[in-house]
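Numbering (my numbering), first residue to last: 1 to 197. Yeah, the Cβ is synthetic: ideal placement off N, Cα and C, and Gly gets one too. Keep in mind it's a predicted model, so treat the numbers as computed, not measured.
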Amino acid sequence: MITDFLKSMAMRKGSDLHLMAGDPPRMRVHGDLITLDNRTLDGEELREAIYEIMPKVVQRQFEEHDSADFAHAIPEISRFRVNVFRHLNGVGAVFRGIPSKAFTLEDLGMPKCVHDFTRANKGLILVTGKTGSGKTTTLAAMIDAINQNMSGHILTIEDPIEFVHQRQNCLISQREIGVHTPTFSNALHSALREDPD
């Protein structure tokens, strides 16, 4: 069920798939939320479908906290960031498509100052914005630029891992909360001993 909806979303160039118990499936296409199918989603059927693709460790987190995030991949189609949650009518999930490869800073039309940030050897860079504004895409492009133009150890702490980076000139350690480390705090503590650049 979920795979069919995700394939349909990818074919229509949708950005997000919304599955909520008690409602028909919907997807966002060019900013508009459209109905995929008039059939109302059954809560138990939807829960079972989500659990089929949700890692066991994330299932435990969901059962404890009533919401969780994870990544799901369909080979040859795309990767998706998934947020699963409980609501008035049962379970719900939102799937956000993730491009299979990070864009470059040039692809994104970033100004020279952003390119300069990727060559900085100290300081703090904040990438902020509203949902869907490109924060993750921008950071992935910056990591890709560092990976191509410098040598060192890039360490990411993500919830969940969205773009999977291939090592080029840098050693890359991507850690996912709930899978490779229990919390951001634990990951940050460990990172201090992992010689990141």
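Could you check where the alpha helix (DSSP H) with residue i kicks off and where it finishes?
{"i": "residue 8", "result": "2–11"}
{"i": "residue 144", "result": "135–149"}
{"i": "residue 120", "result": "Here residue 120 belongs to no alpha helix (DSSP H), and DSSP marks it neither H nor E."}
{"i": "residue 102", "result": "Taken as a continuous stretch (DSSP letters only), residue 102 belongs to no alpha helix (DSSP H), as it is neither H nor E."}
{"i": "residue 47", "result": "43–53"}
Considering only the beta carbon of each residue, do residue i and residue j sit closer than 8 angstroms?
{"i": "residue 17", "j": "residue 74", "result": "no"}
{"i": "residue 105", "j": "residue 137", "result": "no"}
{"i": "residue 66", "j": "residue 86", "result": "yes"}
{"i": "residue 169", "j": "residue 190", "result": "no"}
{"i": "residue 160", "j": "residue 47", "result": "no"}
{"i": "residue 157", "j": "residue 175", "result": "yes"}
{"i": "residue 36", "j": "residue 15", "result": "no"}
At which residues does the beta strand (DSSP E) containing residue i begin and terminate?
{"i": "residue 87", "result": "78–87"}
{"i": "residue 92", "result": "90–98"}
{"i": "residue 32", "result": "32–35"}
{"i": "residue 163", "result": "Counting along the chain, residue 163 falls outside any beta strand (DSSP E), and DSSP gives it neither H nor E."}
In terms of DSSP beta bridges, what is residue i paired with?
{"i": "residue 156", "result": "174"}
{"i": "residue 17", "result": "27, 95"}
{"i": "residue 72", "result": "80"}
{"i": "residue 181", "result": "177"}
{"i": "residue 67", "result": "85"}
Run the CB neighbour count on residue i, radius 10 Å, all protein chains shown included, and call it buried at 16 or more, exposed below.
{"i": "residue 92", "result": "buried"}
{"i": "residue 20", "result": "buried"}
{"i": "residue 40", "result": "exposed"}
{"i": "residue 49", "result": "buried"}
{"i": "residue 131", "result": "exposed"}
query: Taking one C-beta from the segment 156–166 and one from the segment 138–145 each time, how about it: are there three or more such pairs within less than 8 angstroms?
result: yes
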